[in-house]
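Undergrad: According to UniProt numbering, the sequence shown is numbered sequentially starting from 1. Every residue, glycine too, gets a C-beta built ideally from N, C-alpha and C. None of the values given here were measured: they were computed from a predicted structure.
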Amino acid sequence: MSQKGCLSDAHGACISEPMCVYHKSEYIRFYCEECRVFICDDCITGKGKHRRCFKTKLSDYGNRTRRLLRERTKRAEDKLSKLSSELDLAMHVQKRFNEAVDESISSVVFRREIIRQKFDDLQKELITKLDGLRNQANTQYEEFINLHTNQYCKMKEVTETIRTTETEMTENDMVMYTSKLNKFIDSSEAVPKLEPPSYVTDDKYFSSKYLRQLFGDIEFVELNCQPIATY
Ligand SMILES: [Zn+2]
Ligand SMILES: [Zn+2]
1 MSQKGCLSDA HGACISEPMC VYHKSEYIRF YCEECRVFIC DDCITGKGKH
51 RRCFKTKLSD YGNRTRRLLR ERTKRAEDKL SKLSSELDLA MHVQKRFNEA
101 VDESISSVVF RREIIRQKFD DLQKELITKL DGLRNQANTQ YEEFINLHTN
151 QYCKMKEVTE TIRTTETEMT ENDMVMYTSK LNKFIDSSEA VPKLEPPSYV
201 TDDKYFSSKY LRQLFGDIEF VELNCQPIAT Y
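1) Suppose you measure from the CA of F144 to the CA of S207; what does that come to, to the nearest Å?
2) Measure from the alpha carbon of L211 to the alpha carbon of each residue in M155, R111, C32, I185, then state which is nearest.
3) What would DSSP say about residue 238, mapped onto helix, strand or coil?
4) Reducing DSSP to helix, strand and coil, say where T45 ends up.
5) Just to check, is the beta-carbon of C20 closer than 7 Å to a non-hydrogen atom of ligand 1?
6) Would you call F215 buried or exposed, if buried means 16 or more other Cβ atoms sit within 10 Å of its Cβ?
7) What does DSSP give as the partner residues of K57 in its beta bridges?
8) Should R66 go down as buried or exposed, given a rule of 16 or more other Cβ atoms within 10 Å for buried?
9) Output the residues surrounding ligand 2, defined as those with a CB atom closer than 6 Å to any ligand heavy atom, in chain order.
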């Protein structure tokens, strides 16, 4: 009986022509379980090398191999189903991971916006304070300038009047003008010397360390990189 087709020996090599390797003209009929080779009738009769070996008929060997293949196929299918679930899970956790990163990015942007608003408020507060102090100082400068501009004009006029009318002045006028001049000469005018407000900052708060404390930082567990299974 001819046995056509492809058989595999223990090493997985394909035997395209199922002839006995020891008896080239004989078709293989058995599988020697002990020597793990395909053998023919001549191998197990007479002085055949495998006559005492434990062997299986080729059809039984085929059935057994098929059963094994089916069992392996079933297990592979179970594993495929499990792998499919794992893939679903992987995609789900990847999605959750990315959503969590997106949430963190939104928080960073939100925090930045809050800081911007707070600093805008502080900037407004500082500028308002500086403007208030400037206004107070300007009021004092303007009061001084107005007061002394008036006095300057008045006394300039007085001195010019004296220069032009001195020769025709009565005694009373001279006494009156002298008194005015004395009053003016003795008056003191202290120019307001106001210390301008200065904006002070502490450079230590501009270090990355402090700014990071203000802005926040990323807390993370080292990503656990496991080798990806290959099929
Ligand atoms: Zn043989
Ligand atoms: Zn044998």
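TA: If we stick to the structure as given:
1) 45 Å
2) R111
3) With the chain covering 1 to 231 only, the question about residue 238 has no answer from this structure.
4) coil
5) Checking every heavy atom of ligand 1 against the Cβ of C20, one is found closer than 7 Å.
6) The residue is exposed, with fewer than 16 neighbouring Cβ atoms inside 10 Å.
7) F30
8) exposed
9) C32, E34, C35, H50, C53
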